[in-house]
Amino acid sequence: MTDPAAQTARELRWLLLSPPLLDSAPGAHAAAVQQFSAAEHQTISGWLDVIERDPAALFDFVHRTNRSGSDGSSPTDQPRAPSPRLGRRAERLMEFFLRHGPTHRLVAANIPLRHVSPKGDCTTVGEIDFLLQDSSGRPWHWELAVKFFLCTATGRQASAADFIGPDRAETFDTKLRKMFERQLSHLPPPPWDNEHWTPAACTRGRLFYRHDRPVPRTPGLHPAHLQGLWIEHDRLGELLGSDQPVWHVVPRHDWMLPRVPLPTDGRDLGVLAALIEADRPGLATMVMRGDGPGEPPVFVLSRA
């Protein structure tokens, strides 16, 4: 069984050092795409080596009951169970880096944005993920997104609209529009409103491509972005090794960095897919092999 603290440290390394999904902003948006420089990458990697030798403080920070305030104050010390929400856990991992890492300094995190009506009613209209400074003192506004999309394009070219979420409720295009047109356009409230914050999209995740098609070219994607495969339920026999009892379901909260399961606990993909179909009809489920480190995960699309 994977040690939870060690797994948290591996997730932090994944979040910081895996390639971003984007290489450039879509359209004519002025916001930047966050990417660490080669020097920052090397410095962060060395810092992570130290964290991985003793990840207790990281695990404690990520899984405390209350998060820090927007003013950068320390979080409370009450423990909590690991968060099942991948996005929230990613935010806590990033906040730990910005608080304790070697290259950037956190100014404020999770700043609520409120609108006061003429009648005095206060409504929360959004949130700013992170305000920070890099090593040169330049102020940044980062919005973090950890996303997983399936490419449905059939030709050699694709666009962000061709990528759908596993639950089929969101597309890459709608997420990018929300991020660049809304989230990154927010201006910080007082006392942070007298600084010029450069907006930047911090994107991590994995994009999944048809198992039987070449990967299409999609403008704006990072050339080294993480990839996986997807396949329809009724075509599982076409997948290499589908009849071997080595396949496992990857729970949603492990999508960032799936734990390597024991091969002896696996099932063949046909049996596993039948269980998936009965339990989660109409959805895509991530599976992976347990007998080969480095094998990319696969999404299985249900019949519905």
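Residue numbers (my numbering): -3 to 300. Positions of the beta carbon are idealized from the N, C-alpha and C atoms, including for glycine.
Sequence-distant residues of its chain with Cβ nearer than 7 Å to residue i (five each side left out)
i: L82; result: V142, R248, H249, W251 and M252
i: W336; result: Examination of residue 336 is not possible in this model, given that the chain is present from -3 through 300 alone.
i: A157; result: T167 and D169
i: P186; result: none
i: G237; result: R285
i: L172; result: P22 and A156
Where residue i falls, given that 16 or more other Cβ within 10 Å makes a residue buried
i: H100; result: buried
i: C118; result: exposed
i: T(-2); result: exposed
i: P114; result: exposed
i: D125; result: buried
i: R200; result: buried
i: V283; result: buried
i: R88; result: buried
i: A269; result: buried
Where the alpha helix (DSSP H) through residue i begins and ends
i: M175; result: Note, M175: premise wrong, no alpha helix (DSSP H); not H, not E.
i: Q38; result: A34 to R49
i: A52; result: A52 to V58
i: R152; result: R152 -> no alpha helix (DSSP H), and no H or E assigned at all.
i: R88; result: L82 to H96
i: T4; result: P0 to L13
Chain-order list of residues whose beta-carbon lies under 8 Å from that of residue i (same chain, five-residue window excluded)
i: H25; result: F176, E177 and L180
i: A21; result: A27, A28, V29, F176, A197 and G216
i: G151; result: P212
i: R209; result: T150
Beta-carbon proximity of residue i to residue j, cut-off 8 Å
i: E123; j: C198; result: no
i: R202; j: G224; result: yes
i: D239; j: D264; result: yes
i: F55; j: P162; result: no
i: L11; j: A105; result: no
i: V242; j: T281; result: no
i: I47; j: A5; result: yes
i: A1; j: A52; result: yes
i: H207; j: W188; result: no
Where the beta strand (DSSP E) through residue i begins and ends
i: E123; result: C118 to D130
i: Q223; result: Q223 to E228
i: P293; result: Counting along the chain, P293 falls outside any beta strand (DSSP E), and DSSP gives it neither H nor E.
i: E139; result: P135 to C147
i: L203; result: T194 to R206
i: L102; result: H100 to V112
i: T281; result: A280 to R285
i: H244; result: W243 to V245
Sequence-distant residues of its chain with Cβ nearer than 6 Å to residue i (five each side left out)
i: R255; result: T(-2)
i: V103; result: L127 and L128
i: P135; result: Q129, E191 and W193
i: R110; result: C118 and T120
i: E273; result: S298
Original post:
Do the stretch 207 to 219 and the stretch 12 to 23 touch if we need at least three Cβ pairs shorter than 8 Å?
Top reply: yes
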